[in-house]
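Since the structure comes first, as structure tokens, the remarks are kept for the end.
There are 2 protein chains.
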Amino acid sequence: MSDSRLPEPPYHVAIFSAQRNAADDAGYAATAQRMFELAAQQPGFPGAESARDAAGFGITVSYWRDEAALLAWRDQPDQAATRAHGRARWYDHYQVRIARVGRAYRSRPAA
Amino acid sequence: MSDSRLPEPPYHVAIFSAQRNAADDAGYAATAQRMFELAAQQPGFPGAESARDAAGFGITVSYWRDEAALLAWRDQPDQAATRAHGRARWYDHYQVRIARVGRAYRSRPAA
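Heads up: the protein sequence lines correspond to chains A and B, in order.
For the first sequence, the working numbering begins at 266 and goes up steadily by one.
For the second sequence, the working numbering begins at 266 and goes up steadily by one.
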């Protein structure tokens with residue numbers, strides 16, 4: 266994701282932190298890709314960041330222009346069905362937090 | 266981190282997403298541990314979650330009871346000095362976002 270696509274705060278984020286189980290890596294990867302493509306079709310989605318460590322613990326932060334855009338994604342039918350299926354199948358446990366970003370800053374680009 | 270230590274929303278988070286460079290893994294690990302120990306001594310710090318992938322991209326989310334607790338951590342002298350040193354040394358680039366969590370939910374414990 267290009268940083269430049271992110272707006273200035275305020276914007277909203279969904280923070281998804283989860284422990285993957287060992288089930289069905291291929292199915293998981295295909296679905297994660299499909300979910301990202303669906304998100305990219307939503308209005309007000311500047312992008313997402315994700316990291317997963319070798320033990321399967323991962324954090325994904327998705328960025329949304331405002332809370333309405335985030336809620337529209339939550340309620341998008343394909344996403345909602347895939348989410349319910351996937352969360353039951355691929356995670357030992359997960360947490361979701363919805364937050365409003367009030368400030369943001371970053372490292373200066375290298376000279 | 267035990268989930269049970271986290272309060273109900275609202276609370277605050279600092280989302281730190283960063284690309285590690287290849288420098289000084291031992292020094293980085295020791296400092297990360299030291300920073301976590303310093304944070305644990307701060308009032309209003311229920312914990313943190315962190316994941317870094319094999320390519321060195323990582324996300325750390327630290328949780329704070331309220332914005333005042335988060336700002337007190339930002340301004341804690343040892344932390345501020347270590348942060349300035351570390352960010353110049355160990356990252357290709359990073360971003361920090363300060364956000365207020367309004368809602369949170371999680372998977373049900375296994376039966």
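For glycine and all other residues, C-beta sits at the position ideal for the given N, C-alpha and C.
Measuring straight from C-alpha to C-alpha, what distance separates B:Pro272 and A:Gly309?
Here residue 272 of chain B is taken as the residue at index 7 of the second sequence, counted from 1. Here residue 309 of chain A is taken as the residue at index 44 of the first sequence, counted from 1. Distance between the alpha carbons of B:Pro272 and A:Gly309: 30 Å.
Proximity winner among B:Val366, B:Leu303, B:His350, B:Tyr276, relative to A:Val326 (alpha-carbon distances)
Mapped onto the first sequence, residue 326 of chain A falls at position 61. When only C-alpha atoms are compared, the closest one is B:Val366.
Nearest to A:Tyr328 by alpha carbon, out of B:Tyr276, B:Ala294, B:Ser282, B:Asp357?
The count along the first sequence starts at 1 and reaches residue 328 of chain A at position 63. Measuring from the Cα of A:Tyr328, the nearest candidate turns out to be B:Ser282.
Beta-carbon neighbours of A:Ser327, restricted to chain B and to distances below 7 Å
Within the first sequence, the letter at position 62 stands for residue 327 of chain A. Those do not exist, as A:Ser327 stays about 12 Å from chain B at its closest Cβ, beyond 7 Å.
Give the secondary structure of A:Gln360 by DSSP, where H, G and I count as helix, E and B as strand, and everything else as coil.
Position 95 of the first sequence, counted from the first residue, corresponds to residue 360 of chain A. It is a strand residue.
Through-space distance from B:Pro342 to A:Gly351, alpha-carbon basis:
Counting from one through the first sequence, the residue named residue 351 of chain A turns up at place 86. Counting from one through the second sequence, the residue named residue 342 of chain B turns up at place 77. One C-alpha to the other measures close to 44 Å.
Tell me whether A:Tyr370 is buried or exposed, calling it buried when 16 or more other Cβ atoms sit within 10 Å of its Cβ.
The residue given as residue 370 of chain A occupies position 105 in the first sequence. Its Cβ having fewer than 16 others within 10 Å, A:Tyr370 is exposed.
Cβ of A:Ile280 within 8 Å of Cβ of A:Ala337?
Looking up residue 280 of chain A in the first sequence gives position 15. Looking up residue 337 of chain A in the first sequence gives position 72. No, the Cβ-Cβ distance between A:Ile280 and A:Ala337 is not below 8 Å.
For a test of the three-state rule: what should DSSP assign to B:Glu273, helix, strand or coil?
Walking along the second sequence from the start, residue 273 of chain B turns up at place 8. The answer is coil: DSSP assigns B:Glu273 none of H, G, I, E or B.
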